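The numbering used here puts the first residue of the sequence shown at 220, with every later residue one more than the last. All residues carry an ideal CB built from backbone N, CA and C; glycine is no exception. Everything numeric in this text was worked out from a predicted model, so none of it was measured. To start, the structure under review is shown below, and the notes come after it.
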Amino acid sequence: MISRRARWALGLAVAGAAGAVVASSVDQGSWLRTTRPMHRPRQGLVGYSGDVQFLMDAVERHESGISRDQRRDFVELLASRPVRSVDELTLAAQESLALLDNAATTVLVTRAHRLPIRLGWMRDSLVVVKASPEYEHLAGQRIVSIAGGAPDVTWPLFARFVGGGTPAWLRNRSAWFFTVPEALRQVGMAVHNGQVRCELEAPDGTLSEVTLISSTEPMPGGPMADFRDRFPGDEGLGTRGWRTALRDPDEGDESEDVPSPLYLEHWDRLLLMSELPLDAGTGSGGTGSGGTGSAGTGSAGTGSAGTALYLRLLGTPDGQDPDQDLIDEALGRIETGDHARYIVDVRYHCGGDYRVTLPLVRAIAKRARALSVPIKVLVGPNTIGGGLVSASQFMAHAPERTTVIGNDVGDRLRNRAQGRTIELPHSRLVVQVCHDWHDISEEPTPWSDVWLPDKFLLQGIGDFRPDLNVQNSWPDYLAGRDLLVEAALA
Numbered sequence: 220m221i222s223r224r225a226r227w228a229l230g231l232a233v234a235g236a237a238g239a240v241v242a243s244s245v246d247q248g249s250w251l252r253t254t255r256p257m258h259r260p261r262q263g264l265v266g267y268s269g270d271v272q273f274l275m276d277a278v279e280r281h282e283s284g285i286s287r288d289q290r291r292d293f294v295e296l297l298a299s300r301p302v303r304s305v306d307e308l309t310l311a312a313q314e315s316l317a318l319l320d321n322a323a324t325t326v327l328v329t330r331a332h333r334l335p336i337r338l339g340w341m342r343d344s345l346v347v348v349k350a351s352p353e354y355e356h357l358a359g360q361r362i363v364s365i366a367g368g369a370p371d372v373t374w375p376l377f378a379r380f381v382g383g384g385t386p387a388w389l390r391n392r393s394a395w396f397f398t399v400p401e402a403l404r405q406v407g408m409a410v411h412n413g414q415v416r417c418e419l420e421a422p423d424g425t426l427s428e429v430t431l432i433s434s435t436e437p438m439p440g441g442p443m444a445d446f447r448d449r450f451p452g453d454e455g456l457g458t459r460g461w462r463t464a465l466r467d468p469d470e471g472d473e474s475e476d477v478p479s480p481l482y483l484e485h486w487d488r489l490l491l492m493s494e495l496p497l498d499a500g501t502g503s504g505g506t507g508s509g510g511t512g513s514a515g516t517g518s519a520g521t522g523s524a525g526t527a528l529y530l531r532l533l534g535t536p537d538g539q540d541p542d543q544d545l546i547d548e549a550l551g552r553i554e555t556g557d558h559a560r561y562i563v564d565v566r567y568h569c570g571g572d573y574r575v576t577l578p579l580v581r582a583i584a585k586r587a588r589a590l591s592v593p594i595k596v597l598v599g600p601n602t603i604g605g606g607l608v609s610a611s612q613f614m615a616h617a618p619e620r621t622t623v624i625g626n627d628v629g630d631r632l633r634n635r636a637q638g639r640t641i642e643l644p645h646s647r648l649v650v651q652v653c654h655d656w657h658d659i660s661e662e663p664t665p666w667s668d669v670w671l672p673d674k675f676l677l678q679g680i681g682d683f684r685p686d687l688n689v690q691n692s693w694p695d696y697l698a699g700r701d702l703l704v705e706a707a708l709a
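The structure is reproduced here in structure tokens:
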């Protein structure tokens, strides 16, 4: 006969085992990783070497989903790399984190001495999208060669600093490294005392050469923020007073610059809305702003049968999301309007909480089905993180109505994107380490090793790539055209 104490012990054991099974099936242990207290700096960490040690400790404690070999290689690279400046620290951290093979595990806020230009990849060229006042004549010119090499040939040299992602993401990220003389030097390109020789081509075909000198102070940047350099008027990365080839909407029509297209307007609006007539979708004239409003442009309320509702979502390096008031306004416009199509622009939606924007996806999908109208989703290499998750769900909720337009997205459909940010104590670099998986390629189950909300909110889509491969070229950029919106309106 079993005693009462034995029965209680057996019952508790069974209940504990059942609880462990349920907990693992619900979250695969990620609840513990998410809530585990952050490790604070130990006493005695000094200078750049202290930052290196702190980074190794942070990855050891908080980065999940990596192999033993990856962890070993990460530590060995950092231990063997001399770090005597913030430039060397930034690059050593990027290269070591790249060994963990995850695009979101990265130096989120970089600091380095940089050239007085900012670059961006178009379909056919690496272009100066912003230049300091003394070099403002370079804005809009194409880089023919930099540090002795043609960019379309040398950009793969920087792949060793970029972990995970897609080939489109690797090429896109190289634009930052081309502006950092120390990065150019480390991959074997021609740098002399911080000076870099560039050959450029002006829009009229004129070729010129210029020697650029790096800044006297380190300047900020980062993989989730560098797209902001394309936006006229954005001074968030230490570029106050710098010049772009396109005109900011606040400059007024008296400016001689070409007006910026809609997708590059109002850099400070995480959610931008506009009503676009379907018969006027060419160039900036058909996709510019009209009217005012905190959420975007165009008239509020119900659209006409010949009107497309355009919604642009932006990401921020610190993962901010649109205010709920703006989300509610957009939902109201979606649910009450009779739009002829929906255009959702997530080319620069690279972060944030997808749970904030997912209601927009569901509402658009539901309304498009009810009205039997198309959904055009505009994507690119900066479509990663929460932006990639949100964009993918159009294929889950309304695949028959959705057309994806643009370039390849920036990340794989299975990735670690739930991260924590850690500030290195001496340099103040901000590093993101990741503790949970997303996997939107397969239907999640209770046993899936993914972040808990994914199991209830997301659907697997199998694949996610452009149906129409459309990219803006250098001439399109200079003319203020946006071929992606034109294709969506066609």
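According to the Cβ coordinates, are leucine 345 and alanine 402 closer than 8 Å?
As a position in the sequence shown, residue 345 is number 126, starting the count at 1. As a position in the sequence shown, residue 402 is number 183, starting the count at 1. Cβ distance not < 8 Å, so leucine 345 and alanine 402 don't count as in contact.
Going by the DSSP bridge assignment, what does glycine 339 pair with across the sheet?
On the sequence shown, position 120 is the one that residue 339 refers to. Per DSSP, Val346.
Tell me, to the nearest whole angstrom, how far the beta carbon of arginine 639 is from that of valine 652; I am working on the premise that it is less than 8 Å.
The residue labelled residue 639 in the question sits at position 420 within the sequence shown. The residue labelled residue 652 in the question sits at position 433 within the sequence shown. 6 Å between Cβ atoms; contact.
Among Asp537, Gln539, Leu579, Tyr573, which has the Cα closest to the Cα of glycine 548?
Residue mapping note: residue 548 aligns to position 329 of the sequence shown, counting from 1. The amino acid occupying residue 548 in the given sequence is glutamate; glycine does not appear at that position. Looking at the Cα atoms, Leu579 is the closest of the given residues.
Start-to-end residues for the alpha helix (DSSP H) that takes in threonine 398
Taking the sequence shown and counting its residues from 1, the one referred to as residue 398 is at position 179. Counting along the chain, threonine 398 falls outside any alpha helix (DSSP H), and DSSP gives it neither H nor E.
If you draw a straight line from the C-alpha of alanine 527 to the C-alpha of histidine 616, how long is it?
The residue given as residue 527 occupies position 308 in the sequence shown. The residue given as residue 616 occupies position 397 in the sequence shown. Spanning the two alpha carbons is a distance of roughly 20 Å.
Buried or exposed: which applies to alanine 298, given that a residue is buried once 16 or more other Cβ atoms fall within 10 Å of its Cβ?
As a working mapping, residue 298 is identified with position 79 in the sequence shown. Looking at its Cβ environment, which holds fewer than 16 other Cβ atoms inside 10 Å, alanine 298 is exposed.
Do glycine 383 and alanine 312 have their beta-carbon atoms positioned less than 8 Å apart in this structure?
Taking the first residue of the sequence shown as position 1, residue 312 is located at position 93. Taking the first residue of the sequence shown as position 1, residue 383 is located at position 164. In this structure, glycine 383 does not lie closer than 8 Å to alanine 312 by Cβ.
Assign serine 315 to buried or exposed, taking buried as 16 or more other Cβ atoms, counted over all protein chains shown, within 10 Å of its Cβ.
Here residue 315 refers to the residue found at position 96 when the sequence shown is read from its first residue. That one is buried.
Environment of phenylalanine 397 [buried if 16+ CB atoms lie within 10 Å]:
Taking the sequence shown and counting its residues from 1, one reaches residue 397 at position 178. Result: buried.
Alpha-carbon to alpha-carbon, aspartate 537 and leucine 481
Working through the sequence shown from its first residue, we reach residue 481 at position 262. Working through the sequence shown from its first residue, we reach residue 537 at position 318. Cα to Cα, leucine 481 sits roughly 24 Å from aspartate 537.
On the DSSP letters alone, give me the boundaries of the alpha helix (DSSP H) that isoleucine 546 sits inside.
Translated into positions along the sequence shown, residue 546 becomes position 327. Counting along the chain, the alpha helix (DSSP H) containing isoleucine 546 begins and ends at 543-555.
What did DSSP end up calling histidine 281 once you bin it into helix, strand or coil?
Working through the sequence shown from its first residue, we reach residue 281 at position 62. Histidine 281: helix per DSSP, three-state reduction.
For isoleucine 624, which residues from the same chain have a beta carbon less than 8 Å from its beta carbon, with the 5 sequence-adjacent residues on both sides left out?
Here residue 624 corresponds to residue number 405 of the sequence shown, with the count starting at 1. Contacts found: Lys595, Val596, Leu597, Val598, Pro685, Asp686, Leu687, Val689, Leu703, Ala706, Ala707.
N- and C-terminal bounds of the beta strand (DSSP E) containing proline 439
Here the question's residue 439 lines up with position 220 in the sequence shown. Note, proline 439: beta strand (DSSP E), 438-440.
Pairing CB atoms from the region 399-418 with CB atoms from the region 325-339, are three or more of them under 8 Å?
yes
Proximity below 8 Å, CB of leucine 419 to CB of valine 348
To locate residue 419, count along the sequence shown from 1; it is residue 200. To locate residue 348, count along the sequence shown from 1; it is residue 129. Not a contact, by the Cβ cut-off of 8 Å.
Is it true that the region 270-281 meets the region 356-372, where meeting means three or more beta-carbon pairs spaced less than 8 Å apart?
no
Taking 8 Å as the cut-off, does the region 674-681 touch the region 581-596 (at least 3 CB pairs, one atom from each stretch)?
no
Where do the N-terminal and C-terminal ends of the alpha helix (DSSP H) with tryptophan 693 fall, by residue?
Numbered from its first residue, the sequence shown carries residue 693 at position 474. Tryptophan 693 -> alpha helix (DSSP H) spans 693-698.
Return the first residue and the last residue of the alpha helix (DSSP H) that glutamate 295 is part of.
Translated into the one-based positions of the sequence shown, residue 295 becomes position 76. From DSSP, the alpha helix (DSSP H) with glutamate 295 extends over 287-299.
Going along the chain, which residues of its own chain have a beta-carbon closer than 7 Å to the beta-carbon of glycine 455, five neighbours each way excluded?
One-based indexing of the sequence shown puts residue 455 at position 236. Same-chain partners within the cutoff: Arg447.
Option nearest histidine 568 by Cα separation, candidates Ala582, Trp340, Leu489, Tyr529
Position 349 of the sequence shown holds residue 568. Per the Cα distances, Leu489.
Check whether the Cβ atoms of arginine 531 and aspartate 564 sit closer than 8 Å, and answer yes or no.
As a working mapping, residue 531 is identified with position 312 in the sequence shown. As a working mapping, residue 564 is identified with position 345 in the sequence shown. Taking 8 Å as the Cβ cut-off, arginine 531 and aspartate 564 qualify as a contacting pair.
Pair within 8 Å by beta-carbon distance, glycine 359 and proline 422
Translated into positions along the sequence shown, residue 359 becomes position 140. Translated into positions along the sequence shown, residue 422 becomes position 203. Their beta carbons are under 8 Å apart, which means glycine 359 touches proline 422 by this criterion.
Start and end of the beta strand (DSSP E) containing glutamine 651?
Along the sequence shown, read from residue 1 onward, the residue named residue 651 stands at position 432. First-last of the beta strand (DSSP E) with glutamine 651: 649-658.
Please say whether aspartate 343 and serine 692 have beta carbons closer to each other than 8 Å?
What you label residue 692 is simply residue 473 of the sequence shown in a count that begins at 1. What you label residue 343 is simply residue 124 of the sequence shown in a count that begins at 1. Yes; because the gap between Cβ atoms is below 8 Å, this pair is in contact.
Out of Asp627, Ser660, Pro600, Arg635, which has the shortest C-alpha to C-alpha gap to methionine 614?
For the purposes of this step, residue 614 is taken as the residue at position 395 of the sequence shown. Here the closest residue by C-alpha is Ser660.
Which residues in the same chain have their Cβ closer than 6 Å to the Cβ of glycine 441, if we skip the five residues on either side of it in sequence?
In the sequence shown, counting from the first residue as 1, residue 441 sits at position 222. Closer than 6 Å at the Cβ level, and outside the excluded window around glycine 441, lie Leu327, Val328, Thr329, Pro536.
Quick check on the DSSP output: the alpha helix (DSSP H) that includes valine 580 runs from which residue to which?
In the sequence shown, the residue the question calls residue 580 occupies position 361. Element bounds for valine 580: 573-590.
Residue burial classification, arginine 449 (beta-carbon count within 10 angstroms, cutoff 16):
Sequence index remark: in the sequence shown, residue 449 carries index 230 (1-based). By the 10 Å Cβ count, arginine 449 comes out buried.
Pop quiz: serine 646 and leucine 308 are said to be a contact at Cβ under 8 Å. What is the actual Cβ separation, rounded to whole angstroms?
By 1-based counting over the sequence shown, the position of residue 646 is 427. By 1-based counting over the sequence shown, the position of residue 308 is 89. The pair is a contact, with the Cβ atoms about 6 Å apart (cut-off 8 Å).
With a threshold of 7 Å on Cβ separation, who are the neighbours of leucine 710 within its own chain once the five nearest residues in sequence on each side are excluded?
Any property of residue 710 remains undetermined from this structure, which presents the chain solely from 220 to 709.
Closest to tryptophan 656 by CA distance: which of Tyr267, Ile285, Ser222, Val265 is it?
As a working mapping, residue 656 is identified with position 437 in the sequence shown. With distances taken between Cα atoms, tryptophan 656 lies closest to Ile285.
Could you tell me which of Glu355, Met443, His485, Asp306 sits nearest to serine 433, measuring between CA atoms?
To locate residue 433, count along the sequence shown from 1; it is residue 214. When each option's Cα is compared against that of serine 433, the closest is Asp306.
Closest to serine 351 by C-alpha separation, out of Asp701, Gly460, Gln405, Ala636, would be which residue?
Here residue 351 refers to the residue found at position 132 of the sequence shown. Of the listed residues, the one whose Cα sits closest to serine 351 is Gly460.
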